[in-house]
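In this text, residue positions in the sequence shown follow my numbering: the first is 143, and each later residue adds one. The beta carbon of each residue, even a glycine, is placed where N, CA and C say it ideally should be.
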Amino acid sequence: MEFALVAPLLLLLTAGALDYALLLRSAASLADAARVGAQFGSLNTGNSSNLSGMQTAAVNSIPGISGVTATAVQSCQCPGGTAVSCTGSCTGGKMLIYVKVTTQATIDTVFGYSQLPFTATVKGQASMRAQ
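Dropping the structure here:
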């Protein structure tokens, strides 16, 4: 008798834990995909300007999640930390080139609650300095 009263609560808690685990796994996968894209861009200065290559590397590295989008940005600084245009130059030394890749996907949970489907937008981000 007592189990019949507690069973729905236990099932709801289990469903919530499974959905939370799905979202955590998706967030980790998206962060890894962003890292792959940033690694592609950080290999050399030529790759750092190949934004579509970084985005493609990120999206292709995560086949288990559908609807993944990636954006890549290149930024440049002089050694003192002053931001400059990547087509410009630095008077005090070599220009530092950075790349940042952000991945995003909308994840549907396995279980619906109160007859409403629940979706979450999960993001991953990675930044690296080009070699």
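*When the Cα atoms are used, what is the spatial distance from LEU193 to GLN181?*
Looking at the two C-alpha atoms, the distance is approximately 12 Å.
*Extent of the continuous alpha helix (DSSP H) to which VAL178 belongs*: Where VAL178 is concerned, the enclosing alpha helix (DSSP H) stretches over 144-184.
*Got a sec, what are the start and stop residues for the alpha helix (DSSP H) GLY223 sits in?*
No alpha helix (DSSP H) holds GLY223; DSSP gives it neither H nor E.
_Nearest residue (CA-CA) to THR229, options SER191, ALA200, ARG167 and PHE253_ = Residue SER191 is the option with its Cα nearest to THR229.
*Where does ARG271 land, buried or exposed, given buried means 16+ other C-beta within 10 angstroms?*
The Cβ neighbour count for ARG271, taken over all protein chains shown within 10 Å, is under 16; the residue is labelled exposed.
*Going by the CB atoms, is the gap between ALA169 and ALA200 shorter than 9 Å?*
Result no, Cβ atoms of ALA200 and ALA169 do not sit closer than 9 Å.
*Below 8 Å CB to CB, which residues in the same chain sit around CYS220 once its five sequence neighbours on both sides are set aside?*
Excluding sequence positions up to five before and after CYS220, its CB lies within less than 8 Å of the CB of VAL226, CYS232, THR233, GLY234, GLY235, MET237 and LEU238, all in the same chain and listed in chain order.
*For the beta strand (DSSP E) holding GLY266, just list the boundary residues, first then last.*
That run of the beta strand (DSSP E) goes 261-271.
*Burial state of SER208, where buried means 16 or more other Cβ atoms lie within 10 Å*: Classification for SER208: exposed.
*Start-to-end residues for the alpha helix (DSSP H) that takes in VAL252*: No residue range can be given for VAL252, since it is assigned to no alpha helix (DSSP H) and is classified by DSSP as neither H nor E.
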